[in-house]
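Undergrad: Chains as they are written, first to last, in the working numbering: chain A, 1 to 303; chain B, 304 to 458. Each residue gets a CB set at the ideal place from its N, CA and C atoms; glycine is no exception.
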Ligand SMILES: [Zn+2]
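#1: Name the chain B residues that come within less than 8 Å of residue 81 of chain A, Cβ to Cβ?
#2: Residue 64 of chain A CB to nearest chain B CB: under 8 Å?
#3: Should residue 296 of chain A be labelled buried (16 or more other beta-carbon atoms within 10 Å of its own) or exposed?
#4: In chain A, what lies closer than 7 Å to residue 454 of chain B by C-beta?
#5: Helix, strand or coil: which one does DSSP assign to residue 1 of chain A?
#6: Pick from A:103, A:276, A:240: whose alpha carbon is nearest that of residue 307 of chain A?
#7: State yes or no: is the C-beta of residue 387 of chain B within less than 8 Å of the C-beta of residue 365 of chain B?
#8: Less than 7 Å between C-beta atoms, sequence neighbours within five positions excluded: which residues of the same chain meet that for residue 117 of chain A?
#9: Is the Cβ of residue 311 of chain B closer than 8 Å to any Cβ of chain A?
#10: With a floor of 3 residues, list each beta strand (DSSP E) that falls wholly inside the region 186-262 of chain A, ordered by position along the chain.
#11: Cβ of residue 431 of chain B within 8 Å of Cβ of residue 441 of chain B?
#12: So with Cβ pairs under 8 Å, would you call residue 158 of chain A a contact of chain B?
#13: Which value, in whole angstroms, describes the spacing of the CA atoms of residue 238 of chain A and residue 224 of chain A?
#14: Between the Cα of residue 403 of chain B and those of B:381, B:413, B:328, B:458, spot the shortest distance and give me the residue it belongs to.
#15: Can you grab the Cα-Cα spacing for the pair residue 313 of chain B / residue 452 of chain B, in whole Å?
#16: Taking the continuous beta strand (DSSP E) assigned at residue 428 of chain B, which residues delimit it?
#17: Using the C-alpha atoms, what's the distance from residue 419 of chain B back to residue 81 of chain A?
#18: Any chance the region 349-360 of chain B sits against the region 318-327 of chain B, with 3 or more Cβ pairs inside 8 Å?
#19: Would residue 132 of chain A pass as a contact of residue 261 of chain A if the rule is Cβ separation under 8 Å?
#20: Hey, is residue 420 of chain B close to ligand 2, as in C-beta under 7 Å from one of its heavy atoms?
#21: Name the chain A residues whose beta carbon is nearer than 8 Å to that of residue 423 of chain B?
#22: With a Cβ-Cβ cutoff of 8 Å, do residue 107 of chain A and residue 69 of chain A count as a contact?
#23: Compare the beta carbon distance of residue 151 of chain A and residue 252 of chain A with 8 Å and say whether it is the shorter of the two.
#24: Is residue 350 of chain B close to chain A, meaning its C-beta is less than 8 Å from at least one C-beta of that chain?
#25: Quick check: what's the CA-CA separation for residue 350 of chain B versus residue 330 of chain B?
#26: Which of the residues in the region 117-146 of chain A, read from start to end, lie with their CB under 9 Å from any CB of chain B?
#27: Quick check on the burial criterion: 16 or more other C-beta atoms within 10 angstroms. Buried or exposed for residue 317 of chain B?
#28: Taking the C-alpha atoms as reference points, what is the distance between residue 10 of chain A and residue 303 of chain A?
#29: By how many angstroms is the C-alpha of residue 2 of chain A removed from the C-alpha of residue 299 of chain A?
#30: Please classify residue 391 of chain B as buried or exposed, where buried requires at least 16 other C-beta atoms within 10 Å of its C-beta.
#31: Would you mind stating whether residue 111 of chain A and residue 120 of chain A have Cβ atoms separated by less than 8 Å?
#32: Give the straight-line distance between the Cα atoms of residue 342 of chain B and residue 379 of chain B, rounded to the nearest whole angstrom.
#33: Thinking just about the alpha-carbon of each residue, which of A:22, A:37, A:58, A:158 is nearest to the one in residue 207 of chain A?
#34: Between the region 183-198 of chain A and the region 278-290 of chain A, can you find at least three pairs of beta-carbon atoms closer than 8 Å?
#35: By the criterion of Cβ-Cβ separation under 9 Å, what are the contact partners of residue 356 of chain B in chain A?
#36: Under the assumption that residue 125 of chain A contacts residue 421 of chain B (Cβ atoms under 8 Å), give the Cβ distance between them as a whole number of angstroms.
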């Protein structure tokens, strides 16, 4: 992984993904060390995403590295209409690695082609968000003690939810049984189903969430995002389609964990938070360890 | 009569390449893709010619020029039926069909309006795939979205 950008989860092989999860487990044991001393990481957020940015910055600072960069609100160069290429070429003079979040699809791949330093994609438009995918895999493995042969249920916006797409594609490597719960308007696109079929795995589609709670090892809830809808009327129709409440978990498996990429709106009731099956806040915490492992691996500081 | 005339025109080229069986409406596109509007060599073209196989066709002849497969395959998207005839000393030495390559560069625009290739000055790049119905689709190297044949817009 040394010097290799991470734009799409499939840029790394299955073994490399597993190695990263193993290293992340190690960082969870020892999250504070000085291995990034004298290293500078640029964090370029062309659109706001406070939690992803804080997670990256915390990951770097806990390892003794420093962070330079901007967020969309104060990015003068962006407002001045500078091209992405020029921004990347300039910033790469000041740092060892660039973390980029950008609203345009494919921007991170392009950045990695012009940049002399490695790039980590922290979300490019509706396309990829590979560190979210890795932290989801980490959370699944940690709570289930394995990644293979699990019943994993995805709920909500399966059409526009990019974290869902990447995670499903990644889980196709682990003999997953997929349960897909969504309104008709928000079904998983055929381009993603194709990966499931090519892996010779099975999926079932549902509209009613209650049908599938009892047969899940993981329930991955998602927010139905207004900004992904071209038509506001379509959004109004489906925005309150799902609401997971504590009493729906009565007959669930003892090992069930509920995941959510956050922020949630109303798809998980607050009364679920106190359940031992709620895992979404720990899931966010795991993001720090995964990002530490990734940055340290790319900079060649651990093996 | 047709056959005779074709031989006559082909044999008029003593060295070079004939690209035959181009869809008539694509002749100018093929000229552009191969950069023939920039060449210093002699170029002849015809369009809306009669063809037994296709009804009507276009044809281009370029003297003293030969194409690498990689180069000629760039026209496969716009002219999949094209045949390539290489001529040395008035003789046909090679006759091939164009093959759709695994990657397509520059020729087609990405259908996704939010793709970086539609926002900055970047050449497009696609990987060719075939869906479950065998239909050709282009997967954008950048935004990873599919562009299907019905949505092809040529650069
Ligand atoms: Zn694209």
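TA: On the basis of the data shown:
#1: Those do not exist, as residue 81 of chain A stays about 11 Å from chain B at its closest Cβ, beyond 8 Å.
#2: no
#3: buried
#4: Per Cβ cutoff of 7 Å: no residues; residue 454 of chain B is ~14 Å from chain A at best.
#5: coil
#6: No answer is possible for residue 307 of chain A: the residues shown for chain A start at 1 and end at 303.
#7: no
#8: 92, 95, 96, 97, 98
#9: Its pLDDT being 48, under 50, residue 311 of chain B is placed unreliably in this model, and the value from its coordinates should be taken loosely. It does not: the Cβ of residue 311 of chain B has no partner Cβ on chain A nearer than 8 Å.
#10: Within the region 186-262 of chain A, the beta strand (DSSP E) runs of at least 3 residues that lie entirely inside it are, in chain order, 203-206, 218-221, 257-259.
#11: yes
#12: no
#13: 8 Å
#14: B:381
#15: Low confidence applies to residue 313 of chain B: its pLDDT is 49, below 50, so where it sits in the model is not reliable, and the reading given next is rough at best. Rounded to the nearest angstrom, the two C-alpha atoms are 33 Å apart.
#16: 428-433
#17: 15 Å
#18: Yes: the two stretches touch, three or more of their Cβ pairs being nearer than 8 Å.
#19: Closer than 8 Å, so yes.
#20: Ligand 2 is not part of the structure shown, which contains ligand 1 as its ligands.
#21: 83, 84, 85, 110
#22: With contacts defined as CB atoms closer than 8 Å, residue 107 of chain A and residue 69 of chain A fail to qualify as a contacting pair.
#23: Not a contact, by the Cβ cut-off of 8 Å.
#24: no
#25: Their backbone Cα atoms lie some 7 Å apart in a straight line.
#26: 124, 125, 126, 127, 128
#27: exposed
#28: 20 Å
#29: 6 Å
#30: exposed
#31: no
#32: 21 Å
#33: A:158
#34: no
#35: By Cβ distance, chain A contributes nothing, its closest Cβ being about 35 Å from residue 356 of chain B, past 9 Å.
#36: Actually they do not touch by this definition, with Cβ atoms about 12 Å apart.
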